[in-house]
Structures are given as structure tokens and as C-alpha cells.
Amino acid sequence: MSEFDEEWARVLAEAEQRARARGRGDVTEYLTLRQTNDFARTAGADWLFSTFIEHAGRANRNGASIRIERREAHCFSLGNSTMVGTLLTLHVGVRSLTVEAGWPRAPRDGIVRGGGLASARIRHFGRPKEGEELLLVYTEDNRPHWFVLIQGGTRIRLLEERVRHHISKLIG
């Protein structure tokens, strides 16, 4: 957990304690839901990044020479909203693949469109058509899963096969 996330969790816990002390059950209920959703967001983002890192590592063991960089407290825009999260960059020579995932942290940051918990974006430097936008949503089994947003509003579940496909594009 980054320092930013630790501080955010501390602030939410303090707000929940104040709400309980004042008998504000509605606020306490909201903050409990927020913590549950933040846990799902964090778990979803962790899965996304660890899957890309795992497959980059496999490619490296086969001679790919992928350099991996990770930056926390990264901000990026999607539509009119600002997402706060993590940036993962995979480099092979002059080629790069970026994966950024996050969610709005404050009301002024906007919303995640499509009823999602978090948003993500995969981009290949110099190849904009290869990029994809992702949405983290609860599915019928009440678990969060990443979906690729396809033109026309269609969503397809992000599977490891698609991650391997992006790594293959990166290494050529």
C-alpha cells in the first residue's frame, strides 16, 4: 500500500469514527460502503498490475529484456474525470507499454463512467489503435472484474490471454 493509500485509509477511518460518535448512521453506512469498494478497487488494480508484471517476467526469462517501472499516486484523465492510481510502464528499447489504473478520490475528480469501480487504460507508445480502456465492475458473482470497453459500449472480460497479447505486441 502506498503512503497516499495509507493516508486515505486513515482519513476515512477518522471520518467514520466521528460519524459514529455523532450518531450519523447514514454517513457511517456510506463510509463502510466506500471502504468496501476501495478494497475491491485496490484488489482489482493489484491483479491488473501483477498480471502484467508476471507476464513481462516470463517474457524476460525467454530473453525479452523488458524494463519495468511503477509509479504510485499517478493521475490521469478519462473524459472529464481525473483518476488517481498507479502507472506501470514496460520498456523494450524505444517501445513502451503503459498501464494506468485508478479511480476518483475526491468529489472534484469526477466519476467512473459506466457504473464502474475503477478505470484503466493500456497504451502502446506510437500505436494508439492498439490501446484499450478498461472498467472494473462487480459481476453477477459479486466480485470485481476488469472488462475491456469495445466501440459501441460492448464489454468483454479481460483475461490473461489478452495481457499476453499486449506483451507480445510490445516485444514484437
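Residue numbering for the sequence shown follows the numbering used here, beginning at 828 and increasing consecutively.
For each residue, glycine too, the CB sits at the ideal point set by N, CA and C.
Identity of the residue in the options nearest residue i by Cα
i, options, result
"C902", "E896, I938, G912 and R982", "G912"
"R948", "E830, L914, I893 and V919", "L914"
"S946", "P955, R932, L924 and F952", "R932"
"L997", "N907, L924 and E899", "L924"
"R989", "R845, A846 and H882", "H882"
"E1018", "D865, Y857 and G850", "Past the edges of the chain, shown from 828 to 999, lies residue 1018, and the structure says nothing about it."
Whether residue i touches residue j by CB criterion (9 Å)
i, j, result
"T855", "E841", "no"
"A1006", "P971", "Since the displayed the chain opens at 828 and closes at 999, residue 1006 lies outside it and no answer follows."
"I893", "V919", "yes"
"L917", "I994", "yes"
"R868", "L976", "no"
"D936", "M910", "yes"
"S904", "V939", "no"
"L961", "F974", "yes"
"V964", "G929", "no"
"E1000", "E896", "Nothing about residue 1000 can be reported from this structure: the residues present for the chain run from 828 to 999 only."
"I987", "T878", "Note that residue 987 is Glu in the sequence shown, not Ile. Contact flag set, yes."
Strand pairing of residue i, partner residues [DSSP]
i, result
"V919", "R922"
"F974", "L962 and R984"
"G903", "The question names Gly, yet the displayed sequence has Phe at residue 903. F903 pairs with M910."
"I895", "L917"
Range covered by the beta strand (DSSP E) that runs through residue i
i, result
"I856", "Before going further, note that residue 856 is Glu rather than Ile in the sequence given. Run containing E856: none in the beta strand (DSSP E); it sits in the alpha helix (DSSP H), G852 to R888."
"I949", "A945 to H951"
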